[in-house]
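Chains as they are written, first to last, in the numbering used here: chain A, 174 to 574; chain B, 174 to 574; chain C, 174 to 574; chain D, 174 to 574.
Cβ atoms here follow ideal geometry from the backbone N, Cα and C, with glycine treated the same way.
Number of protein chains: 4
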Amino acid sequence: MPIDLAPDPAVADLAARTAAFVREAVVPVEVAHDGVVPSEAVRAELQAGAREAGVFAPHVSAEFGGHGLDMVGRAAVFEEAGYSLLGPLALNIAAPDEGNMHLLEAVATADQKQRYLAPLAAGDVRSCFAMTEPAPGAGSDPDALTTRAVRVAGGWRIDGRKWFITGADGAGFAICMARTAGEPGERGGATMFLVDADNPGMHVGRHIPTLDESLYGGHLEMEFADCVVPDEAVLGEVDLGYRYAQVRLGPARMTHCMRWLGIARRAQDIAVARAAGRRVFGSRLADLGMAQQMIADNEIDIAAARGLILQACWELDQGRSGSQSVSIAKTFTAEAVWRVVDRSLQLCGSLGVSGDILLGRFLREVRPFRIYDGPSETHRWSIARRVVGRHTAPAPAPVPA
Amino acid sequence: MPIDLAPDPAVADLAARTAAFVREAVVPVEVAHDGVVPSEAVRAELQAGAREAGVFAPHVSAEFGGHGLDMVGRAAVFEEAGYSLLGPLALNIAAPDEGNMHLLEAVATADQKQRYLAPLAAGDVRSCFAMTEPAPGAGSDPDALTTRAVRVAGGWRIDGRKWFITGADGAGFAICMARTAGEPGERGGATMFLVDADNPGMHVGRHIPTLDESLYGGHLEMEFADCVVPDEAVLGEVDLGYRYAQVRLGPARMTHCMRWLGIARRAQDIAVARAAGRRVFGSRLADLGMAQQMIADNEIDIAAARGLILQACWELDQGRSGSQSVSIAKTFTAEAVWRVVDRSLQLCGSLGVSGDILLGRFLREVRPFRIYDGPSETHRWSIARRVVGRHTAPAPAPVPA
Amino acid sequence: MPIDLAPDPAVADLAARTAAFVREAVVPVEVAHDGVVPSEAVRAELQAGAREAGVFAPHVSAEFGGHGLDMVGRAAVFEEAGYSLLGPLALNIAAPDEGNMHLLEAVATADQKQRYLAPLAAGDVRSCFAMTEPAPGAGSDPDALTTRAVRVAGGWRIDGRKWFITGADGAGFAICMARTAGEPGERGGATMFLVDADNPGMHVGRHIPTLDESLYGGHLEMEFADCVVPDEAVLGEVDLGYRYAQVRLGPARMTHCMRWLGIARRAQDIAVARAAGRRVFGSRLADLGMAQQMIADNEIDIAAARGLILQACWELDQGRSGSQSVSIAKTFTAEAVWRVVDRSLQLCGSLGVSGDILLGRFLREVRPFRIYDGPSETHRWSIARRVVGRHTAPAPAPVPA
Amino acid sequence: MPIDLAPDPAVADLAARTAAFVREAVVPVEVAHDGVVPSEAVRAELQAGAREAGVFAPHVSAEFGGHGLDMVGRAAVFEEAGYSLLGPLALNIAAPDEGNMHLLEAVATADQKQRYLAPLAAGDVRSCFAMTEPAPGAGSDPDALTTRAVRVAGGWRIDGRKWFITGADGAGFAICMARTAGEPGERGGATMFLVDADNPGMHVGRHIPTLDESLYGGHLEMEFADCVVPDEAVLGEVDLGYRYAQVRLGPARMTHCMRWLGIARRAQDIAVARAAGRRVFGSRLADLGMAQQMIADNEIDIAAARGLILQACWELDQGRSGSQSVSIAKTFTAEAVWRVVDRSLQLCGSLGVSGDILLGRFLREVRPFRIYDGPSETHRWSIARRVVGRHTAPAPAPVPA
């Protein structure tokens, strides 16, 4: 059976309906609010629209109301959702909820699924993933984890500070990563805990102001202080938190890429429409070579990113670790999307930097993706180490003189 | 007399005092307000400080209270002022006032100088330069000018719409470029007019929301409608507006470069301090090769930009047009500053995209400079045309077979 | 049926055997001769080896002794063959023969296939494709074709000069593109002719010295002067030459990409082996961040190119024109391969520029691919035009003020 | 006394005469021989021409027949000489002789000057600088020096292998760097020795084949075996070899830059002439945007490199170490020249990769400069370390929450 790049018809149909829904129902809301969801009411309205359009929560299994898309299927649908900054929220596939649903489906017990996944998949609550910490804690180096959980009668007590916890404002629960063994800097020894928002030991702190502003629920500081949780709050097994983090992170990196690829296409569409309609120096902008070069480079970047995402997703669907392909796809896509938005803005000139079109907003939103979920430098380091690890033979002998 | 790159001692002293003033008195204000001047009171306070420090309005002639710096001298001082986003405003060398002072000193009559330049140099009023227009009017292509001025008894009547007029909110007067001959798309035929803010025919419209926010007085839409001005409002001679625009634009492009070069250095300082103080994966960040590469590339970009600015400024001081060197310096500097800020932000990771340090702000502020004052593409087009114009000989004959 | 990226087992097996054959039997010959086949005897020996290994002419149908690989199958096998500069010649899939076989299978009559394709597929003769002309003739702009064919009794008379005809030295026949209608600069009107090497009107001129030297049979000047051919020499139909050129060019561009991707992987392997074995400044070179960055960027470039090639090949296999995907893949791959070889050479330092390893040779060989088969600029122009052509709607309306 | 960028009139005159001489007398020889001096006779002829034109050995003091140019003066003249690959040899300012003359003037005794410098400056002999060694010896890391010199009666005995010794074939003497104290990997402990070509202990080995071929006298392997030299062979003081190497290396890096900048200008001139004379797709190539972008980027790169070279040279002339500015200028120029030649070749299409014009030759010649005299990565590492060393303060305090 040969290689086949034709999408499954059901997936193609879902992607097409997603595309139509986003253009018709989401983009106008996005334009009206500069890409930032203004209120819970607007979120609810967008999600109601997605439900009605039959495109809601497509990644979740049918049991929890979704379409059960595998990663390759998500690649097609999420890209369409990502065509608007608000599309992922509308479909309930925005970070961090989407990654948390993925994790819960893979790791949670039946009870935990009923209690946490079901309302999350339904859009009734939101969630956050409390892993990163202020320096010198866990950041691009997860082994630096300092938040600790120690056993107490009937459960655990968690203490530590978290930083840059996306979506924490308004989240119904947090998945908190805490060290249950070892010392900061050592591999392993982390455990994941499900912590309810009303736990008196979990404190949501200030919103960290950031260049990006469209992720609903913000990026927050959190503190766990004498935060006691029962044994049933442990997600998966004790001390295996890093393994589950990988379950979440690889796919979550890819779904980020899918969504941002949608924004890249949107930026390109805006710029091309502008270039086709604008005359300058006696020519149509779209007929000037330097503009054509930017348009072509955008198209190349988008196509290359899509190919890399597909490869990584297919490997994940095959049950492989896919870590090399994920790192490659994440690094390339984050930088490609950035270049596409930057060129698109440049093509639009002063209009591009104005708030009258969304390119300045997009630029702000995509920039952090070169840092979030592993900075490009960390991924490059991992990529190189894996490559070098595969090579142990000495250099080929030189030609004899 | 050989080439000498040692700065004039008086200029060096002024630059050093500017550097000290900016670090001590301006940076704290900038940090407290995320780089955006919040009120007229703060502006007044900053300028009072600069006056006291003896660094106010250094580019203006002594007659109007300044130090009479030539372009090469400005390069040294403005870069130091630009180390903070608010430094230029403090020294009264921010765009567009600085360029307008330059233009008025070069072109205005004695009466006009007294009436417009003197209070502007003193910081008592601000001004704007009303040239660019909404598409399809004058933008990167100035010949597309559509605003018209027609002779009326004792003066002129101006009609037209302007767009992206920096500093217009609160400006005491505008220098308005209007077509007095020819049709849109034709070379020449423009005239500059001094229009007081209380002229009932000059209307300041909405603030255009933009990615950048630190230019005091915003970017605005303006309308001239039945705007009648007297003959004395003509700046220079009728129909020679484009020639005067060149008087203003070349130097103004260079002073932009100087100021933004200051921000590039600031970004590098922030990033290097961070890299020197942060440990990751068991190493100091500043000792990791990819970080070192970013730091080195920043240093190279800054040094190269400075050299190109110096060359262009020296040519302008020699009375040459300097247009090729100005285009080269402007294009390179705008892109180099952008790269430096982008790398610096990347070096700082999540902190870099947070509002807790100013790099995200800087990124927003410098991005438009690749578009303002001539997009890079327009300058490249000009550069190439001049190069090709110098070559008329056919390609060298190939080697005989 | 979902997307599947797993290669057909038979193709995977052929690719693996090709990889083994190239490493064992071809690379030593390549190293001994600096990548340039020195004689017909060596060519014959390499091809005998490939026949014996069961990997010869894999793209040709079984009828003519091959494996009948589709484009997706070629992608896997040709990349392995391209791991050595001499691999493609060994497998009889080198340019221009491979593209000519493809064209003949698609267009030739049964008689023409017997006479031209059969010996070509067997490696008994070589061929060339005589299309490009000295300026101002057909080059990156095929419409500029000046060589003419006019009807004479029982056939055609061809007159014109050709330039940069790869493989012409020693070719048993040429496929010559000549204008049979219209004037230079007009679309269409070309016809393809099969011209035997012993035709007294076909003259093979000088070898053009070039940066690359590994394409067997060189790049030559040719002249057609009173070159009379019979009606049976027409390949396909009269005046449809451009259509057939497309049949040849799209796939030929992709097979170029596949082969050069093999060289990129080889360069990376050489560099990584070197980096893993070399110590400098107290560290292993492979552990230094700047080296890791180059290694990672190579890996990303290779993966992205492979994905784009696969996409284009799959479209071609589906019977689509694939022209946009082909242009994207060709442009990206040509530049990516260049970057990979350049970085690999840099990683090897002085050894890299020495002839003691093959990286300098590779650099010379891959550089022209950014020009051959359509310069990157021409492809970008095409890519942009197709994108702009799809957009006719005006820019999205700005946010109301 | 303000900054002045106007060249000294005498230097400007010498530069202009050099430019004329190179275009008239050197370029035709270069074109006839593909940039590679074919024989001693041609070298002698070229140098005779330069002497007659009054432009010979301009960097040497008048005492030794030159013009005594300082580094800033060399920048102007050497760039003009470098307009042809053979210009530097004609003027007797090619590597490594030029650097050796510089070193000898600075360090040699009067007797050594008479014996070695005088004939070298006159072009009567050539020389080489025997420092680099095969891995794991001295390469980009000079501390790895393994060649040893030990005291014997009345002098020293040198033993060790050298690699990539430029100009060694035919050199009248070598300046050999050998360890007189410490162990490989330790700082310092090296001494320079003047070794005559007829010393029976000095053996010139094979020519290392390299991508570049225009440096007269090749790149060779050498061996010192029981090579006994008298005390008078010590250049400068014992154990201070690294200090003298710095005397030589900084200026030598800059003169390399100057010469290669000349080639960059030449490449641009060839490409622009071609673009101005070639029509494609109905336009003049020089009027197409993508071509204009390449031409403009070339111009920017050339101007920026020139500014950086000037800065570093001026610092060296002031007696400063200039090491940061030298590293910056060397790194930028090596990469800029490469980009310029690459773009110029691209602009010329297939003609560019042919040997009918010299761009393919230039590409081969300039590529190694990103490695020779310190790879870009080593310089970036040095640049970053100096920058970080200047910063010890912690990151600026964040805005209070």
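Reference Gly547(D), options Thr504(D), Ala557(D) and Arg534(D), closest by Cα: The residue with the shortest Cα to Cα distance from Gly547(D) is Thr504(D).
Cα-Cα separation, Val526(B) to Leu393(A): Spanning the alpha carbons of Val526(B) and Leu393(A) requires a straight line of approximately 13 Å.
Selection from Arg451(B), Val200(B) and Glu396(B) that minimises the alpha carbon distance to Pro373(B): Of the listed residues, the one whose Cα sits closest to Pro373(B) is Glu396(B).
For Leu187(C) and Tyr256(C), the rounded distance between their alpha carbons: CA-to-CA, the gap between Tyr256(C) and Leu187(C) works out to about 15 Å.
Under 8 Å between C-beta atoms of Asp270(D) and Arg299(D): Yes, they are a contact pair.
Where Ala568(B) falls, given that 16 or more other Cβ within 10 Å makes a residue buried: Residue placement at Ala568(B) is flagged as unreliable, the pLDDT there being 46, under the threshold of 50; the coordinate-derived value follows with that caveat. Flag for Ala568(B) reads buried.
The beta strand (DSSP E) enclosing Thr338(B), as first and last residue numbers: For the sequence presented, residue 338(B) should be read as Ile rather than Thr. That run of the beta strand (DSSP E) goes Gly328 to Thr339.
Buried versus exposed, by CB contacts within 10 Å (16 or more), Ala477(A): Ala477(A) comes out buried.
Limits of the unbroken beta strand (DSSP E) element including His392(B): Counted as a single uninterrupted DSSP element, the beta strand (DSSP E) harbouring His392(B) occupies residues His392 to Pro403.
Cutoff 7 Å; reference Ala570(A); Cβ partners in own chain excluding five residues on either side: Summary for Ala570(A): the model assigns pLDDT 47, below 50, so the residue's position carries little reliability; its value from the coordinates is reported in the next sentence. The beta carbon of Ala570(A) lies closer than 7 Å to none in the same chain, with the five residues before and after it left out.
Ser313(B), buried or exposed, once every other Cβ within 10 Å from all chains shown has been counted against 16: Under the 10 Å beta carbon count, Ser313(B) is surrounded by 16 or more other beta carbons and is classified as buried.
Chain D contacts from the segment 434–463 of chain A (Cβ-Cβ distance under 8 Å): Per Cβ criterion, the list reads Leu461, Gly462 and Met463.
Buried or exposed (CB count within 10 angstroms, at least 16 for buried), Thr282(D): Flag for Thr282(D) reads exposed.
Sequence ranges, beta strand (DSSP E) only - wholly within the segment 296–330 of chain A, length at least 3: Runs of the beta strand (DSSP E) inside the segment 296–330 of chain A: 300–303 and 321–325.
Chain D contact for Asp490(C) (CB, 8 Å cutoff): By this cut-off, Asp490(C) is not an interface position.
Rounded C-alpha distance that separates His413(C) from Ala440(A): This sequence places Leu at residue 413(C); His is not what is there. Those two C-alpha atoms are separated by around 40 Å.
Whole-angstrom distance between Arg324(D) and Ala363(D), CA atom to CA atom: Cα to Cα, Ala363(D) sits roughly 13 Å from Arg324(D).
Close beta carbons around Val539(D), own chain, < 7 Å, minus the five adjacent residues each side: Within the same chain, and ignoring the five residues on either side of Val539(D) in sequence, the residues whose Cβ sits closer than 7 Å to its Cβ are Trp433, Ile436, Val510, Trp511 and Val514.
Proximal residues of chain D, C-beta to C-beta of Leu481(B) below 7 Å: Here the neighbours are Ala476, Ala477 and Gly480.
Proximity test, Cβ basis, 8 Å: Glu472(B) and chain D: Judged by the 8 Å Cβ criterion, Glu472(B) is in contact with chain D.
Unbroken stretches of the alpha helix (DSSP H), 4 residues or longer, contained in the segment 412–464 of chain B: If one requires a minimum length of 4 residues, the alpha helix (DSSP H) runs lying completely within the segment 412–464 of chain B are 414–450, in chain order.
Contacts around Ala459(D), its chain only, beta-carbon distance under 6 Å, and the 5 residues preceding and following it disregarded: The answer, listed in chain order, is Ala448 and Ala449.
Sequence-distant residues of its chain with Cβ nearer than 7 Å to Arg421(B) (five each side left out): Around Arg421(B): Gly272, His275 and Leu276.
Proximal chain C residues relative to Asp369(A), where beta-carbon distance stays under 9 Å: Within 9 Å of the CB of Asp369(A), no CB atom of chain C is found; the nearest one sits about 38 Å away.
Chain-order list of residues whose beta-carbon lies under 8 Å from that of Asp284(B) (same chain, five-residue window excluded): Glu405, listed in sequence order.
Pair within 8 Å by beta-carbon distance, Gln419(A) and Leu178(C): No, the Cβ-Cβ distance between Gln419(A) and Leu178(C) is not below 8 Å.
Nonlocal neighbours in the same chain, by C-beta distance under 6 Å from Val184(C), ignoring five residues either side: Result list for Val184(C): Gly246 and Ala249, in chain order.
is_contact[Ser313(C), chain D] using C-beta, thresh 8 Å: Closer than 8 Å: yes.
Same chain, Cβ closer than 7 Å to Ala566(C), neighbours up to 5 away in sequence not counted: The predicted position of Ala566(C) is uncertain, since its pLDDT is 47 and thus under 50; a value taken from the coordinates is nonetheless stated next. The answer is none, since no qualifying residue turns up.
Rounded separation between Ala502(B) and Gly495(B) - CA only: Between Ala502(B) and Gly495(B), the C-alpha separation is close to 10 Å.
Test: Gln465(A) CB closer than 8 Å to a CB of chain C: Using beta-carbon distances, Gln465(A) counts as an interface residue toward chain C, with a partner under 8 Å.
Spatial neighbours of Pro182(B) in its chain, beta-carbon cut-off 8 Å, leaving aside the 5 residues before and after: If the five residues before and after Pro182(B) are omitted, its C-beta is found closer than 8 Å to no C-beta atom of its own chain.
Inside the segment 353–378 of chain D only - beta strand (DSSP E) runs reaching at least 3 residues: Scanning the segment 353–378 of chain D from its first residue to its last, the whole beta strand (DSSP E) runs of 3-plus residues come out as 363–369.
Selected residue, minimal CA-CA separation from Phe302(B), among Phe346(B), Ala322(B), Ala294(B) and Arg321(B): The option with the nearest alpha carbon to Phe302(B) is Phe346(B).
Contacting positions in the segment 380–397 of chain B - beta carbon closer than 9 Å to chain A: Cβ contacts with chain A: Ile381, Pro382, Thr383, Leu384, Asp385 and His392.
9 Å Cβ cut-off: residues of chain D touching Asp342(C): Ordered by position in chain D, no residue passes the 9 Å Cβ test against Asp342(C), which lies about 15 Å from the chain.
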